[in-house]
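Residue numbers (full-length UniProt numbering): 1 to 83.
Below is one structure, written out as structure tokens, with a few remarks after it.
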């Protein structure tokens, strides 16, 4: 047991460097495999343009409005309590 501890203490800087560079290599390989932003943007651009067109179409016809629950408009889903 003491021999193992001495070996680990002796080679700990080398082990640290090896694991650091191994982590860099593995992380870089995974990042390269996941880097599809340009391809995604190229495919998403026509869809985004279509949604922008539809949004302007609705706004021109008076259908625009904030229907989010965080707005200050009263909700029509339940009656307000009388005070």
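We treat Cβ as the ideally placed atom computed from N, Cα and C, and that holds for glycine.
For residue 62, the secondary structure class from DSSP, reduced to helix, strand or coil, is coil.
For residue 9, there are no CB contacts under 8 Å within the same chain when 5 residues up- and downstream are skipped. Residue 54 sits in a helix when the DSSP states are folded into three classes.
Per the coordinates, the alpha-carbon of residue 52 lies some 10 Å from the alpha-carbon of residue 46.
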